[in-house]
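**Q**
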Amino acid sequence: MIIKKAILHIMDFNSDICIFSQKELEIGDYGTGEFIEKHLLRIMEDSAKKKGEFLEYSILKQTLDRYLSGNIDFAEFSTAAGNLLHDQISQADEPESMDFLVCQFTEESREYIGLLLLPNKTAYTHQVENGQEGVANKIIRYFTMLPGTNQKISCYAIIDTEDLSVVVCDKKRAINGDEVMVLPDKVLQCTYGQSARETVRMIKKITSEVAEEYGSNSAVAVSRAKSCIIERAEQNVPFTPSDLCEEVFHDNEVMKKTFRQKAMEADMPPKISVENPKVVKSIRSHKIKTDTGIEIKIPTEYLENSRYVEFTNNPDGTISIALKNIGKIVNR
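Using the working numbering, the first residue of the sequence shown is number 27, and each one after it goes up by one.
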């Protein structure tokens with residue numbers, strides 16, 4: 027990753043102060059480049075971000091076009107974006123003080139513009155005072171601490187400067203009585219769908235519901251759904267809800283119909299592509315919890331293989347789980 031430009035604006039709603047910087051940050055300064063890069067790397071791997079596209083009337087898109095064509099400079103672009111953000115946050119029922127970081131960077135030969143909302147945190151540190159009675163060490167509060175590099179930034183937008191596609195992550199805020207997500211709805215004025223994490227969670231939930239509704243083993247059904255997602259992700263091939271239910275429920279037309287109906291009611295995307303490595307990694311194993319307090323974590327591909335795991339429905343309505351062909355047990 028190469029950070030080309032960055033600028034920081036201050037929006038302190040506690041003191042009613044808004045300071046727009048006219049000068050870019052010195053990326054080479056100690057800690058500055060590292061701070062920005064670590065947050066951007068975490069963002070690029072975030073499974074909560076949603077894909078979107080600018081709407082035709084987006085003011086920010088028009089401003090970005092002017093910057094990319096050389097009609098305005100980076101500071102002017104960032105100030106315009108900051109004004110859009112400040113105008114909205116200032117109308118919030120509970121305005122949140124923050125710093126607004128705008129940056130331009132390249133990652134894997136593609137160039138991006140990043141808009142990062144850095145909420146001000148309260149933290150404690152020491153302060154040394156030297157008075158007439160000697161040295162006194164005190165504990166004081168800092169009210170404007172930025173998120174540490176090991177902390178997640180939950181509100182941001184990343185814009186691809188080549189095709190102007192957007193990924194965004196934000197939280198709902200109450201503005202003039204309405205619940206809105208400021209970044210996509212008001213600042214960027216862009217569309218946004220479900221994140222990869224939300225889509226996988228929806229697939230697991232609907233698959234489990236359909237399996238249980240028709241007396242099928244929900245653990246096996248969900249493992250089939252996970253296997254389908256993993257396989258398509260490894261091949262970098264998108265799939266539809268119909269593709270998924272064919273893989274999971276095979277020849278059971280009733281269950282497939284129910285799955286498609288529930289998927290439609292839940293607004294499952296018509297075309298699904300799970301590209302995030304963290305999401306794929308999270309579904310490579312399957313955790314089973316029983317009402318007796320037992321928890322078992324099993325590789326997803328083993329759940330359908332009776333050589334390793336076998337489920338038995340007992341006459342009394344209980345379920346037995348057999349773990350087979352185990353060569354060694356390690357206690358942890």
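Note that beta-carbon positions come from the ideal geometry of N, C-alpha and C, so glycine has one too.
On a predicted model such as this, the values are computed, not experimentally measured, just so you know.
Classify glycine 108 as buried or exposed, calling it buried when 16 or more other Cβ atoms lie within 10 Å of its own Cβ.
**A** Glycine 108 comes out buried.
**Q** In three-state DSSP terms, what is glutamine 130?
**A** Reduced to three states, the DSSP call for glutamine 130 is strand.
**Q** Considering Cα atoms alone, identify which of Glu235, Leu127, Ala149 is closest to leucine 143.
**A** Nearest of Glu235, Leu127, Ala149 to leucine 143, Cα basis: Leu127.
**Q** To test your reading of the DSSP string, which unbroken alpha helix (DSSP H) runs of 4 or more residues are found completely within the region 274-316?
**A** Here the runs fully enclosed are 279-291, 303-308.
**Q** Which residue wins for smallest C-alpha separation from proline 325, given the options Leu34, Arg310, His35?
**A** Minimum Cα distance to proline 325 is reached at Arg310.
**Q** Which residues in the same chain have their Cβ closer than 7 Å to the Cβ of glutamate 63, if we skip the five residues on either side of it in sequence?
**A** For glutamate 63, where only same-chain residues beyond five positions count, the Cβ hits under 7 Å are Met27, Ile29.
**Q** Taking all protein chains shown into account, do 16 or more other C-beta atoms lie within 10 angstroms of the C-beta of aspartate 196, making it buried, or fewer, making it exposed?
**A** So aspartate 196 counts as buried.
**Q** Terminal residues of the continuous beta strand (DSSP E) containing threonine 338?
**A** Counting along the chain, the beta strand (DSSP E) containing threonine 338 begins and ends at 335-339.
**Q** Count the other CB atoms within 10 Å of the CB of histidine 312; is the residue buried (16 or more) or exposed (fewer)?
**A** Per the 10 Å Cβ criterion, buried.
**Q** Give me whichever residues DSSP pairs with asparagine 163 in a beta bridge.
**A** Beta-bridge pairing links asparagine 163 to Val154.
**Q** Quick one: complete alpha helix (DSSP H) runs, 4+ long, within the region 75-124?
**A** For the region 75-124, whole alpha helix (DSSP H) runs of length 4 or above, ordered along the chain, are 85-94, 100-115.
**Q** Determine the DSSP secondary structure at tyrosine 328, reduced to helix, strand or coil.
**A** Three-state DSSP puts tyrosine 328 in a helix.
**Q** Have a look at isoleucine 201 and threonine 89 and give me their C-alpha separation to the nearest angstrom.
**A** C-alpha separation (whole angstroms): 24 Å.
**Q** Tell me which residue opens and which closes the beta strand (DSSP E) that leucine 66 is part of.
**A** Element bounds for leucine 66: not the beta strand (DSSP E) but the alpha helix (DSSP H), 58-70.
**Q** Given a threshold of 16 other Cβ atoms within 10 Å of its Cβ, counted over all protein chains shown, does threonine 105 qualify as buried or as exposed?
**A** Buried: at least 16 other Cβ atoms inside 10 Å.
**Q** Less than 7 Å between C-beta atoms, sequence neighbours within five positions excluded: which residues of the same chain meet that for cysteine 181?
**A** Here the set comprises Leu143, Cys195, Asp196, Lys197, Leu209.
**Q** Could you please give the first and the last residue of the uninterrupted alpha helix (DSSP H) stretch that includes valine 246?
**A** 244-261 is the extent of the alpha helix (DSSP H) around valine 246.
**Q** By DSSP's criteria, alanine 149 is part of a beta bridge. Which residues make up the other side?
**A** Bridge partners of alanine 149: Tyr168.
**Q** Does the beta-carbon of methionine 290 have 16 or more other beta-carbons within 10 angstroms, so that it is buried, or is it exposed?
**A** The residue is exposed, with fewer than 16 neighbouring Cβ atoms inside 10 Å.
**Q** From the DSSP output, which residues share a beta bridge with cysteine 195?
**A** Cysteine 195 pairs with Tyr182.
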